[in-house]
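Which chain is which? The protein sequence lines are A, B, C and D, in order.
Heads up, the first sequence is in our numbering, so the first residue is 167 and it goes up one at a time.
Heads up, the second sequence is in our numbering, so the first residue is 83 and it goes up one at a time.
Heads up, the third sequence is in our numbering, so the first residue is 1074 and it goes up one at a time.
Heads up, the fourth sequence is in our numbering, so the first residue is 211 and it goes up one at a time.
Idealized CB from N, CA, C, for every residue including glycine.
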Amino acid sequence: MSSSTLTPAGGAPAGEGEHTAQARGRVLPFPITGQEIVLIAVIVALWIALWLGTPAFLTSGSIVPLLVAMAPVALIGIGMTVIIITGGIDVSVASMVMVCAVVVAKAMVDSGVSLPVAVLLSMALGGVLGLVNGVLIAYGRVHAIIITFGTANLFKFVGLQVFGGSTVNGIPDTLDVFGRGADGRTLGVPHSFLLMLVIAALAWYYLRHTPSGRHLYAIGGDADAARLAGVKVQRRVLSAYVLTGLLTGLAACFVIAQGTSTLAPNVGAGMELSAIAAVVIGGTSIMGGRGSVLGTVLGALLVQTVASGVTQLGWRSQLASLFIGIFILIAVGADLLRQRARRTA
Amino acid sequence: GEGSGGSASGGDSGGSSASGGGGGGDYTVAFVPKLQGIPYFEAMNSGGKAACEEIGCTWLYQGPVEADPAAQADIVRSYIQQGVDSLIVAPNDPDSMAPLLKQAADAGIKVATADTDAPNSVREVFVSQASTEGIGQALTDGLLSAMGGKGKYAIVSCGQTAQNLNSWIDVQKAYTAEKYPDAEIVDIVYAGEDQAAATQMATDLMNAHPDLTGLVGECTSSAPGVAQAIRDAGKIGKVFSVGLGTPQSMAPYLTDGSSSASILWDVENLGYLTAWTGVQLADGQELQATNDVSSDITGVTFDPSSKVLLLGPPLTITKDNAGDYDY
Amino acid sequence: MSDISPTGSADTAPVQSSTSGAAAERLSVTGVSKRYGAVRAIRNADMTVRAGTVHALVGENGAGKSTLIKILSGAATADTGAITFNGRPVTISGTADAIALGIATVYQEPQLFPDLTVAENVFTGREIKRHGRVDWTAQNARVVELLELIGLPARYATVPVSELSIAEQQQVSIAKALVGNAEVLILDEPSAILTDTEIEVLFGVVRRLAASGVSIIYISHRLDELFVIANEVTVMRDGQTLGTWPIGELSVRRVVELMVGGILEDNPVERSIPDAAPRLVLEGLACTGEYTDVDVSIRPGEIVTLYGLIGSGAAEIAETVYGMRRATAGRILLDGKPVSPGSPREAKKLGIALLPANRKLQGLFGFQSIAFNISAGHLPLLSRMGTWMDRGRERQVARDFIQRLAVKTPHERQPVSAMSGGNAQKVVLARQLVERPQVLVLAEPTQGVDVGAKEEIHKIIRQLADEGTAVLIVTSDLPEAIRVSDRLQVVRAGTTTVEFGPGATQSDVLAAAAGAVDQEEAA
Amino acid sequence: MSTAVSPAPAQAPQPEDGSSQSRSRLGQLPATVLRALLTQRIVLLLVLLLVVVVTMTTLSSNNYLAAPYDLSYMSSALISAVPLVMLGLAELLVITSGRGGIDLSVGAIVSLTSMVFGFAYGEWGWSLWLAILLAAAFGGLCGAVNGFLIAYVGYPALITTLATYYAFSSIAIVINDQQPISTAPIQDFFSTARSIEVPVGDGLPIPLGTLTFLIPIAIVVWVLLNRTTFGRRLYGIGTNDVAAQWAGIDVRRTRFSAYVLAGVISGLVAVVTVAQFASARPDAGVTGTGMALPAITIAVLGGVAITGGIGRVAGVVLATLLIVWLNAGILLAVPGNAGSQYQLLALGVVLVFAALLNGLTNRRYGRTG
Ligand SMILES: Nc1ncnc2c1ncn2[C@@H]1O[C@H](COP(=O)(O)OP(=O)(O)OP(=O)(O)O)[C@@H](O)[C@H]1O
Ligand SMILES: Nc1ncnc2c1ncn2[C@@H]1O[C@H](COP(=O)(O)OP(=O)(O)OP(=O)(O)O)[C@@H](O)[C@H]1O
Ligand SMILES: [Mg+2]
Ligand SMILES: [Mg+2]
C-alpha cells in the first residue's frame, strides 16, 4: 500500500542518483552503539583484572555459574528494555516472578506436570499478568510506574496466597536442563544463557527491523506524534508489557532452576531493580525512544560479574552493591558525555 | 517430632488462627514470627496450635511478609490492642522490639521471646531452641568431622544484622580456633534470605578458594543453597557442608551427600513449648528448674538468672532421620 | 480591539456549495461540533473542499481551525455532525482511518521522533515492508526524492531529526505528509516558522499537488499568503464557520473584517523618538558558528527590528543579549557601560527582558494559573525579603495585566493550558512587562497570533517604547517588521547588513534579505 | 526598574468568579460534587478515609474485629505514619521538581544517616540536638550528591538514585561491620518515640513523633511550597523547566535544593527510626521492600503527578492516614498470616483505582491538581 506514493506533477526530481547513493550508506558501521563498545571494554577489563586477582576466575567452574545467574536478569531486562523504549517501566516483574515460580513449582510437585508444559504454563501466566499491566497502562492511560507499583502489590498478594504460608519442597531436578550440571550445557555453555541469547537476537531483530519494533521507538520518542502518524499506540504498548510478562514467565523457570529443591516466598525479590540496573547500564534511555537489547545483556553480565567478583576476590560481599552503584553512574555518565559531544559536534 | 500439628500449609493461611476456642479459663497466646511463609516458623505454628488443642488455650499467629522490624512492630501493636494474655515474639531486631515489649507489659500482657532473644527487654522468659554455644559447636563439629578435622571453610550467612546468626558465628569462630587448630574460616558472606544468592556466593567462594573443603549455610535459606552449589560444581565428597536447614528442604542434599548434616532442633516442639510457656506465664505459674511439658517434651531446663527456657540440645538431622519430620 | 468597530453582517455573500463550474467535492463537513469540557471549540461548522483546490481556513486564535482539522485527521472525534468523502459518508474515529482514506495532515506543532532518522520519521506508521521487515533501502530512496522535493539535502535521510533545526523539522513534517496516496493534504500553519525561500518551495509543492488533483486545506495567519496560493477561503469565528468565498472576491482587509467581525481602521502611527544617548549598543558582536560583526544601537523609546530569515542568526543575537548564549567577540553596552549577562537572571537584573520565540516550549507553564505564569519571572519583586510570596500583590499584578492587555479569561487563576494561542502569548508578554524593562527584546512577538491580537500587541509595544523602553524585535514576519519598527536592520548570513528607516517597502527589504542589495546601495 | 508598571486607567473591576458561581442552580450540585470528587484528589482521599474509618468502626462495634477499632488504636497506629509522611513529602519535593524527578535512595539515606546519628549520639557522646543537626546535615549531604548529579550534571533521577541507593546502603552496612548501634543513650532515646496521653475521652495515646517530627515537617514543607518563592520556582521548573530558565529562574539550583531537602528529611527520618527502634540499624531503611517504594507510593496516591509540577502536602498526609488506618484495621479484621497479605491487596487496589481515576478525570476534565 505504502509504496504507491503520491508523485508530484513535476515528475521525479533530477539528480536522484547521487543522492540515493549517498543515503543508502549504513546508518552506523556496525549494529552496535558506543555504549555497547564501552561496556564490552569494561567487562573485558574486569575479567582480566579478576583473572589476575583469582586465577580460578576464567575457568568454566566460575564463568558458567555466572552465566546461569545472569540469564534470568538479562531475560527480564530484555522485556524491560522494550518497555523502557516506549517510555514506560515495570516495577512489578519481581512479583510476577514470584507468582509464576510458585504456580509452576506447585504444578510440578503436586500435579507432576512435565517440564515443557510447566514452562509454557509459566510463560502463559506471565503473559496474563503482563496483559493486566498492559491493559491498565495502555487503556487506562496512567503512568506505568504508578500502575506497576499497584500491581506489584496485587501480584505479590496472589503469589503469597498460592504459597499458602509455606514453601514448596521437593522440586524435581528436571529443570537442571536449563544449565545446571553437564546435562544443562551444550559445549559447556548453559542452556538458559543460550536461550536468553536467542531471545535477545530475536528481540534485536524485532526492534531494529520490523515496523512494529520501530513503532516502539516512535512511541517512546513522542506518543502523541506516533498516534497521529497512525501507529496503534495502545496496542503496541500493551504488547510490550505482554512480551515482558512472557519473558518473565520464562525467567521464573530459570530462577527455579537456579535455586534449590525448595522454593520460598521471597523468590525473585529485588529482581526489578537488578533488571532496571542492567537496562540503564546498557545505555537505554530511561526517558524512552532510545535503547538496545545488546546493551541490556551486557549490563546484566557486568552486574553479575561485579557481584561474583567481589566475593571471589574475598572482599566484603556488601561492597558489591557499592560497585554496582558506581558502575551505573559511570555507564550513564559516559552516555551523557557522548550525547553532549554529538550535540556540540 | 511426630508431626502432631499436621501440615501447616492449608490453602490460605487464615486457618492458622484458632480464634474460635476462647472458652472460660482459656488464655490467648499470640506468637509473632520474624516472617511468615517459611517452613521453620510455620512448623512452630503447628506445634503451638497442637499445644493449645491439648492444654486448652487460644493460639494466635501472625507474621509479616518480609523480615522487617517495622512490619513486625505493627503486628505486635495490633496484638497489644487485642489484649492477648501472653505475647511471644521472635524479634527481627531485638533492640527495637524491647520498647514494644515494655509497652505490652505495661498493658498487662505477659511477654516472652522465642527463637531469637531480646535480652535487654522486659521479657519474662526466652524460649530457647538450644544454647548459642550448643548450636555453634554442633555446626562446627558436624562440619569438621566430615572434613576430617582440618581444612579451610567459609560461612554463607543470611541477614547481615541478624543477631542470633551473628552470635552463632562468633561461637563458631572461637570454637574452631580453640578445638580445630588446623581448620580456618576463610570468609563470611551474607546472602540475605535469597537461596539463589546463597548458591551463587557459595560457588564464588569455591572458585576463589580452590582448596576450600567446607561450607556452612547459616540459616534455613542458605543451608540448601550451599549444598546445591556443591552439587552443581560436582564437588560432592570433596567439599562438605552443614547448615541450619529444615529437614524437608535438606532431605535431597543429605541423601546425595552434598550436605553432611543439618543442625536444628525439633521445631514443632519449640512451638509447643512456646505455647505452653505462654499459658504458664498467663496463669502466673513459676517455671521449675526442669519442666515436663508433654509426653514428648520432658526435662526442659529453666535458668532463673538468665530467664532462659531451654528446649534441649540441638538435633543433628541426617539422611536417616530427615524423613521423620514433615516440615 | 479598539480600532475595529463592529458592523452588520458581511456584505459579500459566501459561495454556495453549488457554485457552478467547480471541481467535484472531495471532502465536506456539515454541522460538526466539538466541546472540550465547558469550551465549545467548534459549533455547527460546515465546509466543503473540492478536488484540486487550495482551500484556506482562517480565523482568529481560538476560532476553532485546529480543532476542525483535528476532526478531519482523526486526532479528535466530533461530538455531532457528518463528514462525507468523495460523496460517501464516512466516520473517522482515529488517525489510522484518516490516513487510510487518504487524508494526510501536517499539524501545527511538528510531530516527530527526535531519536529516529528523517527517513524513519517520514515512514513511521506506513513503513515499506519486505518479508515482514522494514525495507530500509526502498524507504531511504523514496525519502531522498521527497527531500529533494521540499528542498532539503538528500543526506538528511539518515540523520536523526533531533539534529535538524525547527524549520527543517517542519519541512520534514511536510515530507511525511506527502508519503502515501493522499487525496487531501491538511497544512496547519505550515509557514509560521518557515523562511520566505522555504515558503516558496512549499508553495511550489502545493501547486503541483493541487494540479494533480489533490485537495489542500491550508491554515495560516499570514493573510497575504492566501492571495498567492489559495483558491477558496473559509472563515471561522468563535467556533463557527461564516462561509466560503472564492479568493477573487476577497481582499486582505475584507478577510480581516470577516475574522474579527468588524471594520479595520488603518491608523498610521506617528512616532517621534527623543534624542538621547543609546540605551543598548551591540558592537562588533560575534558568536562563533552563529553570527559575526553585529552592530546595533537602540535609543530609549526606539523600536528597532532585526529582520532575518530563520537560520540567519537573528534569534541567536537576541539570545546573547538575554544571557542565554555567550558572545565570543565584541561588546554589549548598556547605557554606555559594557555588560555581559551570563544568564537570563543576570540579564534581568540589568533590566533586560525577553519574550521567547517558542511560546509553548519556552514561555508557558502549562497547567499553572495566569497569575503563576506572570509572577514566575518576578519572584524577588513579588515577595518579601525574596522569600515570602506576597500573594496579594501577585494577584493584583495579574489582574492589572489581564485588564491592560485585554486577556480573555474569567479570572487570574485560570490555567494557561486552557487558553488560545493569542491569549497565552499575551500572558507571556505580560511577564516581560511587570518590571518595566530598560531593554525589551521580543522574539517573534506575534507568531501564531491572529490579526486582532497582533494589532493589540503592536500597540502595547509602542506604548512601552513611549514610556522610554528600548525595544529590539527579532522577527521573520516582514509586514510586522515594517509596520511596527522605527528602524529595521536586515540580518543575513549571521551579520547585520542593510538598515531601513520608516517607509521601507516590502520588496526592498526582501531583496536585501535575499542578498540582492549590496553594501554600496546602503552606503 | 524595580517598580511595577502601573496598569492602564482603572476600569470597573472584573467580576469575581465567586459571584458567578453563586448563581449556579441547586440542580448542578450533584454534578459539582461528583466533579470535585473526581478531580480533587484531596476530596477523594477524604471520602475514602471516611469509608475506611466508618467501615472499621461498624465492624468493630458488631464484634467482627479481633479488638476494638477505636480512637486510641488509631492514634497509636500513627507511629508508622511518621516516617511514611516525612518520606512521602521528600518524594513530593523531588517528583514535583519534574524532568522525571524521583528518589529511590531515601531508604538508603535513612540507613546511612541512622549509623551516623548512632555514632554521634550513641558512641561519641554528642548532645542530642547536635546529633540531630548532624543527621539533618548528613542527610542533606547525601541528597546533595543526588542533586548535584541530577541538576548540574544532567543524570536522570531514577538512575542516579538507583545508583546511590546501592552505594549508600552498601556503605551503611560496611561502616560499622553490619553491627547495629544500641548503646545506652540510644536505648533511652526511645522515650522520645513513646506516646503521650492527650486528654480526650479516656486519654488518647498520641505518638510523640507525630508532634515532634511529622506535624512540624508537614507544616514546613507546606509553607515552603505554598508561601515562598522556592515553592513557586519548584512548581515552575516541574511544569516546564525550559520556560523556567527563560523566565530567569535558576533551574539547576532549585532542582538541586529539592534533592537536598529530600535528603534532610530522610536524615530526620533516620532520627525518628533510631528512636522508634531504640537502635541505629545499618539496614533501617532498606529491609524488606525498603522505605523508598512505600514513600513513592504514598506520594503518588496523594496526587503527586509523576510528570512533575503538581503535588500537595495535604494529599500526602491524607494518603498516609488512609493507608495506615486501613492496614491497622486489616490486622484486626483478618487474623493470621493472611492479614499482612490482605494489606498488600488493599494497597494495590487503592493505588490502581486512584491512578485509573486520575487517568479518567484527566481526559474528562482536563489536567487537575
Ligand atoms: N534504523 C535505521 N534507520 C534508517 N536506515 C536504516 C536503519 N537501520 C538500517 N538502515 C538502513 O538499512 C540498510 C541495511 O541495514 P542493516 O545492515 O541493519 O540491515 P541488514 O539487512 O541486517 O544488512 P546486513 O545483512 O548487511 O547486516 C542500510 O542501508 C541502512 O542504512
Ligand atoms: N485539548 C483541548 N482542551 C480544551 N480546550 C481546547 C483544547 N483544544 C482546543 N481547545 C479550545 O478550543 C478552542 C479552539 O481551539 P483551536 O486550537 O481549534 O483554535 P485555532 O483556531 O487553531 O487557534 P490558533 O490560531 O491559535 O491555532 C480554543 O478556545 C481552545 O482553547
Ligand atoms: Mg544486519
Ligand atoms: Mg491552531
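(1) Based on Cα-Cα distance, which residue from E260(B), P176(B), S303(B), C134(B) lies nearest to S168(B)?
(2) Please report how far the alpha carbon of F348(D) lies from the alpha carbon of A240(A), in whole angstroms.
(3) Less than 8 Å between the beta carbons of M179(B) and S203(B), yes or no?
(4) Hey, quick one: how far does the beta strand (DSSP E) through G299(B) stretch, first residue to last?
(5) Name the residue from W1461(C), L1502(C), G1494(C), T1460(C) whose alpha carbon lies nearest to the alpha carbon of A1471(C).
(6) Cutting at 6 Å between CB atoms, please list the residues of its own chain near D197(B), excluding the five before and the five after it.
(7) Give a yes or no on whether the minimum CB-CB distance between A222(A) and chain B is below 8 Å.
(8) Excluding sequence positions up to five away, which residues of its chain have a Cβ less than 6 Å from the Cβ of I1435(C)?
(9) So, I209(A) versus G454(A), is the Cβ gap smaller than 8 Å?
(10) For the beta strand (DSSP E) that contains G1403(C), what are its first and last residues?
(11) Based on the DSSP secondary-structure assignment, which residues constitute the bridge partners of P1162(C)?
(12) Return the CA-CA distance between L460(A) and Q484(A), expressed in angstroms with no decimal places.
(13) Please state whether DSSP places D387(D) in a helix, a strand or coil.
(14) When burial is assigned at 16 or more other CB atoms within 10 Å of the CB, is E407(D) buried or exposed?
(15) Are the C-beta atoms of S160(B) and some chain D residue less than 8 Å apart?
(16) Using only alpha-carbon positions, find the residue among T383(B), E368(B), Q367(B) that is nearest to D374(B).
(17) Give a yes or no on whether the minimum CB-CB distance between V397(A) and chain C is below 8 Å.
(18) Note down, in chain order, all residues in the region 327-338 of chain A with a beta-carbon under 8 Å from any beta-carbon belonging to chain B.
(19) Tell me the DSSP secondary structure of W336(D) in three-state form.
(20) So if DSSP puts E1200(C) in a beta bridge, which residue, or which two residues, is it bridged to?
(21) Quick one: Cα of G103(B) to Cα of L424(D), how far?
(22) Should H1036(C) go down as buried or exposed, given a rule of 16 or more other Cβ atoms within 10 Å for buried?
(23) In its own chain, which residues sit with a C-beta less than 7 Å from the C-beta of T337(B), not counting the 5 before and 5 after it?
(24) For a contact defined as C-beta to C-beta under 7 Å, what are the partners of P545(D) on chain A?
(25) Output, in sequence order along the chain, the residues in the region 468-487 of chain A whose CB is closer than 9 Å to any CB in chain B.
(26) Taking T477(A) and D286(B) to be in contact with their CB atoms under 8 Å, please state how far apart those CB atoms are, rounded to whole angstroms.
(27) Give the DSSP-derived three-state secondary structure of G345(A) in the structure shown.
(28) Looking at P293(D) and W483(D), is the spacing between their C-beta atoms short of 8 Å?
(29) Helix, strand or coil for H1128(C) per DSSP?
(30) What residues of chain D sit near R456(A), judged by a beta carbon separation below 9 Å?
(31) Verify the CB distance criterion: does K272(A) have a CB-CB separation below 8 Å to chain D?
(32) Closest Cβ-Cβ distance between T247(A) and chain C: below 8 Å?
(33) If contacts are defined as beta-carbon pairs under 8 Å, then V1325(C) and L1296(C) qualify, I think. What distance do you get, rounded to the angstrom?
(34) Between N537(D) and chain B, is any beta-carbon pair separated by less than 8 Å?
(35) Find out if the Cβ-Cβ distance for the pair I1247(C), V1163(C) is shorter than 8 Å.
(36) With DSSP as the reference, label S323(B) as helix, strand or coil.
So, from the data block:
(1) Your numbering for residue 168(B) matches position 86 in the second sequence. Nearest option by C-alpha distance: C134(B).
(2) As a first step, residue 348(D) is located in the fourth sequence; it is residue number 138 there, counting from the start. As a first step, residue 240(A) is located in the first sequence; it is residue number 74 there, counting from the start. Spanning the two alpha carbons is a distance of roughly 36 Å.
(3) Counted from its first residue, the second sequence places residue 179(B) at position 97. Counted from its first residue, the second sequence places residue 203(B) at position 121. Between M179(B) and S203(B), the C-beta spacing is below 8 Å.
(4) Here the question's residue 299(B) lines up with position 217 in the second sequence. Per DSSP, the continuous beta strand (DSSP E) segment holding G299(B) begins and ends at 294-299.
(5) Residue 1471(C) sits at position 398 when you count from the first residue of the third sequence. When only C-alpha atoms are compared, the closest one is L1502(C).
(6) Translated into positions along the second sequence, residue 197(B) becomes position 115. Cβ within range, chain order: A172.
(7) Counting from one through the first sequence, the residue named residue 222(A) turns up at place 56. With its beta carbon less than 8 Å from one in chain B, A222(A) belongs to the interface.
(8) If you number the third sequence from 1, residue 1435(C) lands on position 362. First, the amino acid is wrong: residue 1435(C) is Gln here, not Ile. The answer, listed in chain order, is P1429.
(9) In the first sequence, counting from the first residue as 1, residue 209(A) sits at position 43. In the first sequence, counting from the first residue as 1, residue 454(A) sits at position 288. In this structure, I209(A) sits away from G454(A), with a CB-CB distance that is not shorter than 8 Å.
(10) As a first step, residue 1403(C) must be located in the third sequence, where it is residue number 330. Note, G1403(C): beta strand (DSSP E), 1402-1407.
(11) For the purposes of this step, residue 1162(C) is taken as the residue at position 89 of the third sequence. Partner(s): T1157(C).
(12) Here residue 460(A) corresponds to residue number 294 of the first sequence, with the count starting at 1. Here residue 484(A) corresponds to residue number 318 of the first sequence, with the count starting at 1. Taking the straight line from one Cα to the other gives about 28 Å.
(13) Along the fourth sequence, read from residue 1 onward, the residue named residue 387(D) stands at position 177. For D387(D), the secondary structure class from DSSP, reduced to helix, strand or coil, is coil.
(14) Residue numbering aside, residue 407(D) sits at position 197 when the fourth sequence is read from its first letter. In summary, E407(D) is exposed, with fewer than 16 beta-carbon neighbours lying within 10 Å of its beta-carbon over all protein chains present.
(15) Here residue 160(B) corresponds to residue number 78 of the second sequence, with the count starting at 1. So yes, S160(B) belongs to the interface.
(16) Mapped onto the second sequence, residue 374(B) falls at position 292. The shortest Cα separation from D374(B) among T383(B), E368(B), Q367(B) belongs to T383(B).
(17) Your numbering for residue 397(A) matches position 231 in the first sequence. Between V397(A) and chain C, the shortest Cβ-Cβ separation is below 8 Å.
(18) So the close ones are Q327, F329, G330, G331, S332, T333, N335, G336.
(19) Residue mapping note: residue 336(D) aligns to position 126 of the fourth sequence, counting from 1. Three-state result, W336(D): coil.
(20) Position 127 of the third sequence, counted from the first residue, corresponds to residue 1200(C). Paired residues: none, contrary to the question.
(21) On the second sequence, position 21 is the one that residue 103(B) refers to. On the fourth sequence, position 214 is the one that residue 424(D) refers to. Because G103(B) sits at a pLDDT of 35, beneath the cut-off of 50, its placement in the model cannot be relied upon, and the following sentence gives the value as read from the coordinates. A straight line joining the alpha-carbon of G103(B) with that of L424(D) spans about 41 Å.
(22) This structure gives no information on residue 1036(C), because the portion of chain C shown stretches from 1074 to 1596.
(23) In the second sequence, counting from the first residue as 1, residue 337(B) sits at position 255. So the list reads K401, once near-sequence residues are dropped.
(24) Here residue 545(D) refers to the residue found at position 335 when the fourth sequence is read from its first residue. Neighbours of P545(D) in chain A, taken as residues at a C-beta separation under 7 Å, are lacking, since the least C-beta distance is about 13 Å.
(25) Answer in chain order: Q470, A473, S474, G475, V476, T477, Q478, L479, G480, R482, S483, Q484.
(26) In the first sequence, counting from the first residue as 1, residue 477(A) sits at position 311. In the second sequence, counting from the first residue as 1, residue 286(B) sits at position 204. T477(A) to D286(B), Cβ: 4 Å. Contact.
(27) On the first sequence, position 179 is the one that residue 345(A) refers to. In this structure, G345(A) counts as coil in the three-state DSSP scheme.
(28) Start at 1 with the first residue of the fourth sequence, and residue 483(D) comes out as number 273. Start at 1 with the first residue of the fourth sequence, and residue 293(D) comes out as number 83. For the record, residue 483(D) in the displayed sequence is Thr; it is not Trp. Judged by their CB atoms, T483(D) and P293(D) are nearer to each other than the 8 Å cut-off.
(29) One-based indexing of the third sequence puts residue 1128(C) at position 55. H1128(C): strand per DSSP, three-state reduction.
(30) To locate residue 456(A), count along the first sequence from 1; it is residue 290. Using a Cβ-Cβ cut-off of 9 Å, R456(A) is close to nothing in chain D; its nearest Cβ partner there is about 12 Å away.
(31) Within the first sequence, residue 272(A) is the residue found at index 106, counting from 1. Closer than 8 Å: no.
(32) The count along the first sequence starts at 1 and reaches residue 247(A) at position 81. No, its Cβ sits nowhere closer than 8 Å to a Cβ of chain C.
(33) Your numbering for residue 1325(C) matches position 252 in the third sequence. Your numbering for residue 1296(C) matches position 223 in the third sequence. Yes, V1325(C) and L1296(C) are in contact; Cβ-Cβ is about 5 Å, under 8 Å.
(34) By one-based count along the fourth sequence, residue 537(D) stands at place 327. A Cβ of chain B is located within less than 8 Å of the beta carbon of N537(D).
(35) Taking the first residue of the third sequence as position 1, residue 1247(C) is located at position 174. Taking the first residue of the third sequence as position 1, residue 1163(C) is located at position 90. Cβ distance not < 8 Å, so I1247(C) and V1163(C) don't count as in contact.
(36) Numbered from 1 along the second sequence, position 241 holds the residue referred to as residue 323(B). Judged by DSSP in its simplified three-state form, S323(B) adopts strand.
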